[in-house]
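Participant: Encoded as structure tokens, here's the structure I'll be asking about.
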Amino acid sequence: MEIIGDFEEELKGLRECFKSGKTKELSWRKTQLKGLLKFLHEKEEHIFKALYQDLGKHNVEAFRDEVGMLTKSARYALKGVTQWMAPKKIPLPLAAFPSTAKMVPEPLGVVLIFSSWNFPFGLSLEPLIGAIAAGNTVVVKPSELAPASSSILATLLPLYLDSKAIKIIEGGVDVAELLLEKKWDKIFFTGSTRVGRAVMTAAAKHLTPVTLELGGKCPAVVDSLNSSWDLKIAVKRILGGKYASCGGQACIGIDYVLVDEKFAPKLVDSIKVAIKKMFGDNPKETNSISRIINKQRFLRLKSMLNDDNVKASIVFGGSCDEENLFIEPTVLLDPPLKADIMSEEIFGPLLPIITLKNIEDSIGFINSKPNPLALYVFTNNETLKSRMVSETSSGSLTFNDAIIHYLLDTVPFGGVGQSGFGTYHGKYSFDTFSHEKPVLRSSYLSELWFRYPPWTAHRFNL
Ligand code: NAD
2 MEIIGDFEEE LKGLRECFKS GKTKELSWRK TQLKGLLKFL HEKEEHIFKA
52 LYQDLGKHNV EAFRDEVGML TKSARYALKG VTQWMAPKKI PLPLAAFPST
102 AKMVPEPLGV VLIFSSWNFP FGLSLEPLIG AIAAGNTVVV KPSELAPASS
152 SILATLLPLY LDSKAIKIIE GGVDVAELLL EKKWDKIFFT GSTRVGRAVM
202 TAAAKHLTPV TLELGGKCPA VVDSLNSSWD LKIAVKRILG GKYASCGGQA
252 CIGIDYVLVD EKFAPKLVDS IKVAIKKMFG DNPKETNSIS RIINKQRFLR
302 LKSMLNDDNV KASIVFGGSC DEENLFIEPT VLLDPPLKAD IMSEEIFGPL
352 LPIITLKNIE DSIGFINSKP NPLALYVFTN NETLKSRMVS ETSSGSLTFN
402 DAIIHYLLDT VPFGGVGQSG FGTYHGKYSF DTFSHEKPVL RSSYLSELWF
452 RYPPWTAHRF NL
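Note that the sequence shown covers residues 2 to 463 in the working numbering.
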């Protein structure tokens with residue numbers, strides 16, 4: 002409570018700072034982006050250490066998914082911001098001559114960013130890049146479930162940024178709820194669908210616009226791949242998209258696989274071989290899989306596996322080490338569809354494979370569930386590809402790969418339906434934190450009689 006007592010003053014300060022107009026200056030935006038880059042570079046070791054402490058994340062993964070990814074994004078924004086800010090000409094009909102119009106992006110004001118714990122730097126700073134580039138003042142509340150990372154953000158990041166305009170507020174649900182009572186000009190939320198609802202409800206009170214980056218179950222459809230090369234690459238990408246992104250604790254990680262029942266044995270065998278190759282006989286020792294974030298989430302995953310109806314479907318792995326919060330890469334074949342593992346988002350290194358009479362049935366299967374954040378389809382069949390595009394709905398659709406769309410600055414990232422709404426990354430982040438204001442410039446040269454009374458119907462020959 003005390004934090005928020007003080008925070009009332011800080012919020013006032015943020016609003017005054019925004020009103021002063023300094024965050025609208027191109028030079029301010031660029032200086033902040035450069036500060037962010039400097040933080041990522043100079044504090045890389047601190048970031049790696051915190052990610053290891055919170056999640057057991059390997060440095061290679063930490064660089065790839067957080068430091069490297071953010072460096073790329075901040076550089077992209079630094080390069081693009083001048084052009085993004087520039088007014089864009091709007092074409093007008095001849096009848097509007099001699100008026101002209103331009104679209105002028107303006108910052109929204111004081112914005113709030115809530116992030117999740119699985120990519121504690123990435124999910125806090127990627128939206129921050131957009132908020133800065135768009136010229137806003139910002140509060141970021143990192144997740145309390147990754148405390149070491151949250152602490153680095155709160156103590157070290159402010160040394161590199163304008164602390165009058167950008168604040169990191171640490172805290173859990175109590176702080177989040179109190180923050181949500183305040184009036185913001187935008188709330189950008191990354192987290193669960195359940196909390197997303199609470200955020201939207203709170204935002205409605207002030208008519209605050211929201212972007213909700215939520216979760217759900219992301220399927221991977223695997224068609225019968227005839228070429229052994231294609232199958233080998235597909236399996237690697239499936240495992241990468243399952244286990245190698247924060248140990249399966251990723252919103253766009255593959256949740257489950259759908260496969261033709263005739264092709265399933267070949268796929269399962271290939272997956273088993275590839276897991277051994279990637280993670281060895283004792284995956285824990287390779288340090289290549291992040292651990293589960295906390296005991297509560299660990300026990301939730303363990304109970305999914307220990308369900309008597311599910312246990313029999315384990316075809317690979319299954320061991321859980323409670324002391325180290327580690328679960329080995331686990332594969333299940335046809336667990337019951339009613340079990341938690343198939344009705345809830347898994348968010349861990351458990352991979353159910355569901356067999357279907359034929360691969361086209363995957364369309365109906367996907368459509369019977371809430372819209373996924375990401376859909377992956379491994380196929381060379383152009384008819385199936387076309388049907389997936391036109392007959393399913395998901396935040397994004399990727400053929401023959403997984404996760405990779407997240408890295409691409411020119412590709413908007415976001416969900417649809419239960420997996421959220423609004424997009425970000427690259428220029429889309431700038432747009433998310435901007436209002437596009439049409440500015441019309443008219444002249445006194447011409448005047449149209451029907452704009453003003455008295456109306457004289459005969460002049461239209463009515
Ligand atoms: P969460 O919803 O529990 O927490 C997210 C944020 O909300 C945290 O900052 C937390 O402090 C805050 N929060 C928690 N309870 C709150 C409440 N009652 N009121 C207000 N704020 C509250 O989610 P999580 O466990 O951090 O993350 C897991 C979920 O997030 C998964 O569903 C995952 O798919 C999703 N996710 C989505 C993305 C994406 O980019 N779409 C990325 C990562 C995670």
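C-beta atoms are modelled at their ideal positions from N, C-alpha and C, and glycine is treated no differently. None of these values were measured; they are calculated from a predicted model.
(1) Using only CA atoms, which one of Leu-27, Glu-62 and Val-68 lies nearest to Phe-40?
(2) What are the partner residues of Ala-221, as DSSP defines its beta bridges?
(3) Could you check where the alpha helix (DSSP H) with Ser-251 kicks off and where it finishes?
(4) Is Leu-338 buried or exposed, if buried means 16 or more other CB atoms sit within 10 Å of its CB?
(5) Using only CA atoms, which one of Cys-219, Thr-212 and Asp-66 lies nearest to Phe-366?
(6) Within this structure, are the beta carbons of Tyr-77 and Ile-253 separated by less than 7 Å?
(7) When DSSP labels each residue in this structure, what does Pro-336 get in the three-state scheme?
(8) Do Lys-296 and Cys-321 have their beta-carbon atoms positioned less than 7 Å apart in this structure?
(9) Could you say which of Lys-58, Trp-118 and Pro-88 lies nearest to Arg-298 if we only look at CA atoms?
(10) Excluding sequence positions up to five away, which residues of its chain have a Cβ less than 7 Å from the Cβ of Gly-415?
(11) Given 8 Å as the limit, is there contact between the region 220 to 233 and the region 426 to 441, that is, 3 or more CB pairs closer than that?
(12) Report the partner residues of Arg-442 according to the DSSP bridge assignment.
(13) Can you look up Gly-365 in the DSSP assignment and give me helix, strand or coil?
(14) Which partner residues of Glu-448 appear in the DSSP bridge assignment?
(15) Helix or strand or just coil, what does DSSP make of Leu-126?
(16) Excluding the 5 residues preceding and the 5 following Ile-170 in the sequence, name in chain order all residues of the same chain whose CB lies nearer than 6 Å to its CB.
(17) Can you give me the C-alpha to C-alpha distance between Phe-461 and Leu-441, rounded to a whole angstrom?
(18) Grouping DSSP H, G and I as helix and E and B as strand, with all else coil, what is Gly-36?
(19) Hey, out of Pro-455, Ser-144, Thr-457 and Ser-444, whose CA is closest to Pro-99's CA?
(20) Going by CA-CA distance only, name the one from Thr-191, Ile-294 and Leu-352 that's closest to Val-311.
(21) Who are Tyr-425's beta bridge partners in DSSP?
(22) Based on Cα-Cα distance, which residue from Leu-333, Ser-314 and Ile-347 lies nearest to Leu-300?
(23) Which first and last residues belong to the beta strand (DSSP E) in which Lys-90 is found?
(24) Any heavy atom of the ligand PLP closer than 6 Å to the beta-carbon of Thr-433?
(25) Alpha carbons only, please: which of Ala-149, Lys-358, Leu-27 and Lys-73 is nearest the one belonging to Glu-46?
(26) Rounded to a whole number of angstroms, what is the C-alpha to C-alpha distance between Thr-384 and Val-222?
(27) Quick one, which of Asn-359, Asp-341, Leu-326 and Ile-255 has its alpha-carbon nearest Ile-405's?
(28) Just to confirm, is the Cβ distance from Ile-239 to Val-211 under 7 Å?
(29) May I ask you to check if the CB of Glu-62 is nearer than 6 Å to at least one heavy atom of the ligand NAD?
(30) Mapping DSSP to helix, strand and coil, what is Glu-324?
(31) For Gly-192 and Ser-447, I'd like the C-alpha separation in whole angstroms.
(32) Judging by CA-CA distance, which residue of Lys-386, Lys-165, Pro-373 and Trp-456 is the nearest neighbour of Val-417?
(33) For Leu-71 versus Leu-126, is the C-beta distance shorter than 7 Å?
(34) Does the beta-carbon of Trp-85, which I'm using as the reference point, lie nearer than 6 Å to any heavy atom of the ligand NAD?
(35) Answer yes if the region 193 to 200 comes into contact with the region 160 to 169, meaning at least three C-beta pairs across the two stretches below 8 Å, and no otherwise.
(36) Sorted by chain position, which residues of the same chain lie with C-beta nearer than 7 Å to Lys-103's C-beta, five sequence neighbours on each side aside?
Facilitator: Considering the structure as presented:
(1) Numbered from its first residue, the sequence shown carries residue 40 at position 39. Comparing Cα positions, the closest option is Val-68.
(2) Counted from its first residue, the sequence shown places residue 221 at position 220. Answer is Val-258 and Tyr-377, bridged to Ala-221.
(3) As a position in the sequence shown, residue 251 is number 250, starting the count at 1. Going by the sequence as given, residue 251 is Ala instead of Ser. Careful: Ala-251 lies outside any alpha helix (DSSP H) and carries neither H nor E.
(4) Numbered from 1 along the sequence shown, position 337 holds the residue referred to as residue 338. Leu-338 should be labelled exposed.
(5) Residue 366 sits at position 365 when you count from the first residue of the sequence shown. Taking only the C-alpha atoms, the option nearest Phe-366 is Cys-219.
(6) One-based indexing of the sequence shown puts residue 77 at position 76. One-based indexing of the sequence shown puts residue 253 at position 252. Against a cut-off of 7 Å, the Cβ pair of Ile-253 and Tyr-77 comes out as no contact.
(7) Mapped onto the sequence shown, residue 336 falls at position 335. Reduced to three states, the DSSP call for Pro-336 is coil.
(8) Working through the sequence shown from its first residue, we reach residue 321 at position 320. Working through the sequence shown from its first residue, we reach residue 296 at position 295. The answer is no: Cβ separation not under 7 Å.
(9) The residue you call residue 298 lines up with position 297 of the sequence shown. For the residues Lys-58, Trp-118 and Pro-88, the minimum Cα distance to Arg-298 belongs to Trp-118.
(10) Numbered from 1 along the sequence shown, position 414 holds the residue referred to as residue 415. Glu-214, Gly-396, Gly-421, Phe-422, Gly-423, Thr-424 and Tyr-425, listed in sequence order.
(11) no
(12) Locating residue 442 in the sequence shown gives position 441, counting from the first residue. DSSP lists Thr-101 as partners of Arg-442.
(13) Mapped onto the sequence shown, residue 365 falls at position 364. Note: Gly-365 maps to helix in three-state DSSP.
(14) As a position in the sequence shown, residue 448 is number 447, starting the count at 1. According to DSSP, which records beta bridges pairwise, Glu-448 is partnered with nothing at all.
(15) Residue numbering aside, residue 126 sits at position 125 when the sequence shown is read from its first letter. Leu-126: helix per DSSP, three-state reduction.
(16) Translated into positions along the sequence shown, residue 170 becomes position 169. Answer for Ile-170: Val-140 and Lys-142, listed in chain order.
(17) Translated into the one-based positions of the sequence shown, residue 461 becomes position 460. Translated into the one-based positions of the sequence shown, residue 441 becomes position 440. Cα-Cα distance, rounded: 28 Å.
(18) As a first step, residue 36 is located in the sequence shown; it is residue number 35 there, counting from the start. Gly-36 falls in the helix class under three-state DSSP.
(19) In the sequence shown, residue 99 corresponds to position 98, counting from 1. Ranking Pro-455, Ser-144, Thr-457 and Ser-444 by Cα distance to Pro-99 puts Ser-444 first.
(20) As a first step, residue 311 must be located in the sequence shown, where it is residue number 310. Taking only the C-alpha atoms, the option nearest Val-311 is Leu-352.
(21) Locating residue 425 in the sequence shown gives position 424, counting from the first residue. Answer is Phe-414.
(22) Along the sequence shown, read from residue 1 onward, the residue named residue 300 stands at position 299. Out of Leu-333, Ser-314 and Ile-347, Ile-347 has the C-alpha closest to the C-alpha of Leu-300.
(23) Counting from one through the sequence shown, the residue named residue 90 turns up at place 89. Taken as a continuous stretch (DSSP letters only), the beta strand (DSSP E) holding Lys-90 covers 89 to 91.
(24) What this structure holds is the ligand NAD, not the ligand PLP.
(25) In the sequence shown, the residue the question calls residue 46 occupies position 45. Per the Cα distances, Ala-149.
(26) Here residue 384 is taken as the residue at index 383 of the sequence shown, counted from 1. Here residue 222 is taken as the residue at index 221 of the sequence shown, counted from 1. The alpha-carbon atoms of Thr-384 and Val-222 are separated by roughly 14 Å.
(27) Residue 405 sits at position 404 when you count from the first residue of the sequence shown. The option with the nearest alpha carbon to Ile-405 is Ile-255.
(28) The sequence position of residue 239 within the sequence shown is 238, counting from 1. The sequence position of residue 211 within the sequence shown is 210, counting from 1. Contact: no.
(29) As a working note, residue 62 is residue 61 in the sequence shown. Every heavy atom of the ligand NAD is 6 Å or more from the Cβ of Glu-62, so no.
(30) As a position in the sequence shown, residue 324 is number 323, starting the count at 1. It is coil, neither helix nor strand.
(31) On the sequence shown, position 191 is the one that residue 192 refers to. On the sequence shown, position 446 is the one that residue 447 refers to. About 54 Å.
(32) Taking the first residue of the sequence shown as position 1, residue 417 is located at position 416. Among Lys-386, Lys-165, Pro-373 and Trp-456, the Cα nearest to that of Val-417 is on Pro-373.
(33) Mapped onto the sequence shown, residue 71 falls at position 70. Mapped onto the sequence shown, residue 126 falls at position 125. In contact: Leu-71 and Leu-126 (Cβ atoms closer than 7 Å).
(34) Numbered from its first residue, the sequence shown carries residue 85 at position 84. Because no heavy atom of the ligand NAD lies under 6 Å away, the Cβ of Trp-85 does not count as near it: no.
(35) no
(36) One-based indexing of the sequence shown puts residue 103 at position 102. Answer for Lys-103: Pro-88, Lys-89, Lys-90, Ile-91 and Val-440, listed in chain order.
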